[in-house]
Ligand SMILES: [Zn+2]
Ligand SMILES: [Zn+2]
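In my numbering, the protein residues as written are 2 to 270.
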């Protein structure tokens, strides 16, 4: 059984065919998924996925790329995080990939938004789901300034260097790999995956984006997460079952999520 630790099932292209996706997940032995929130406006939809289906959970947060959306306060996040089945704060972090003519100094609003999430994570004691792109130095610096030692979480869809992985692991975070790890050009990233201990790894799809090989370019769904596990198994020279089992345990530990009972397995199918 596999867990997709990061997907966007509230996005229209996936929500529209949720029944089919759930059937595909069951057929692919993907028994659980964490539905990630990217705006406060979207939260109710993400949360509804988790309250309607006992094998989905939800996060609350505002993605660093989202502008012209409601800016969350610490209170907003803490209040929504107290709702049932909300197990994480995020996705949050920094993304300097699309500066659109701005300088890094101009992105102070992103850093402030990230601090708000970290503070909410510390108050609620819920793990952070961290998105970092072209901004790893500042991401780590902000985490440290906000007392990262008291936070837990995961660096999701990891595409950074071995050195960034090392620091993230030292801070106590897990590292999550997506379908990118199957891409032909991701040679360095596969070396990072070799380096990260299996008991600190998660797997994810980040669907609808980033479908793994052999589905690259197609719409991704949580049913494809076994391809990420397969790649990690090859890199680490262990069985795919071991990767499935260990990443599922890691997910349960990090997010405080219990194993599904046999009864709810039946319901999933
Ligand atoms: Zn992300
Ligand atoms: Zn995401």
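Just so it is clear, CB atoms sit at the ideal spot from N, CA and C, and this is done for glycine as well.
**Asked** For residue 259 versus residue 26, is the C-beta distance shorter than 8 angstroms?
**Response** Here residue 259 refers to the residue found at position 258 when the chain shown is read from its first residue. Here residue 26 refers to the residue found at position 25 when the chain shown is read from its first residue. No, Cβ-Cβ distance for residue 259 and residue 26 is not below 8 angstroms.
**Per-residue DSSP class, three states only, for residue 264** = Against the chain shown, residue 264 aligns to sequence position 263. Unreliable positioning characterises residue 264 in this predicted model, as indicated by a pLDDT of 42, which lies under 50. A coordinate reading is not provided.
**Asked** Cα separation between residue 11 and residue 19?
**Response** To locate residue 11, count along the chain shown from 1; it is residue 10. To locate residue 19, count along the chain shown from 1; it is residue 18. One C-alpha to the other measures close to 9 angstroms.
**Request:** Report the partner residues of residue 132 according to the DSSP bridge assignment.
**Result:** Position 131 of the chain shown, counting from 1, holds the residue named residue 132. Its beta-bridge partners are 94.
**Request:** State yes or no: is the C-beta of residue 7 nearer than 7 angstroms to some heavy atom of ligand 3?
**Result:** With respect to small molecules bound, the structure shown includes ligand 1 and ligand 2 and not ligand 3.
**Asked** How big is the Cα-Cα spacing for residue 54 and residue 32?
**Response** What you label residue 54 is simply residue 53 of the chain shown in a count that begins at 1. What you label residue 32 is simply residue 31 of the chain shown in a count that begins at 1. Near 11 angstroms, if we compare the C-alpha coordinates of residue 32 and residue 54.
**Request:** Go through its chain and collect everything with a Cβ distance to residue 257's Cβ below 8 angstroms, but skip five positions before and after it.
**Result:** If you number the chain shown from 1, residue 257 lands on position 256. The answer, listed in chain order, is 88.
**Residues that DSSP places opposite residue 33 in a beta bridge** = By one-based count along the chain shown, residue 33 stands at place 32. According to DSSP, which records beta bridges pairwise, residue 33 is partnered with 4.
**Message:** Under DSSP, the beta strand (DSSP E) around residue 156 begins and ends at which residues?
**Reply:** Position 155 of the chain shown, counting from 1, holds the residue named residue 156. Per DSSP, residue 156 belongs to the beta strand (DSSP E) from 154-156.
**Item:** Whole runs of the beta strand (DSSP E) within the region 58-95, excluding any shorter than 3 residues
**Value:** none
**Asked** Distance, Cα to Cα, residue 235 vs residue 69?
**Response** For the purposes of this step, residue 235 is identified with residue 234 of the chain shown, where counting begins at 1. For the purposes of this step, residue 69 is identified with residue 68 of the chain shown, where counting begins at 1. Answer to the nearest angstrom: the Cα atoms are 43 angstroms apart.
**Request:** Would you list the residues whose beta-carbon is nearer than 6 angstroms to any heavy atom of ligand 1, in the order they occur in the chain?
**Result:** 92, 132, 157 and 158
**Message:** Buried or exposed for residue 3, going by 16 or more other Cβ atoms inside 10 Å?
**Reply:** As a working mapping, residue 3 is identified with position 2 in the chain shown. Buried is the call here.
**Reference residue 127, options 135, 149 and 138, closest by Cα** = Looking up residue 127 in the chain shown gives position 126. Ranking the options by Cα distance to residue 127, first place goes to 149.
**Strand pairing of residue 177, partner residues [DSSP]** = By one-based count along the chain shown, residue 177 stands at place 176. BP columns for residue 177 point to 203.
**Asked** Is the Cβ-Cβ distance between residue 73 and residue 143 less than 8 angstroms?
**Response** The residue labelled residue 73 in the question sits at position 72 within the chain shown. The residue labelled residue 143 in the question sits at position 142 within the chain shown. For residue 73 and residue 143, no; Cβs fall outside 8 angstroms.
**Message:** Rounded to whole angstroms, what is the Cα-Cα separation between residue 231 and residue 58?
**Reply:** Here residue 231 corresponds to residue number 230 of the chain shown, with the count starting at 1. Here residue 58 corresponds to residue number 57 of the chain shown, with the count starting at 1. Each residue's alpha carbon lies about 24 angstroms from the other.
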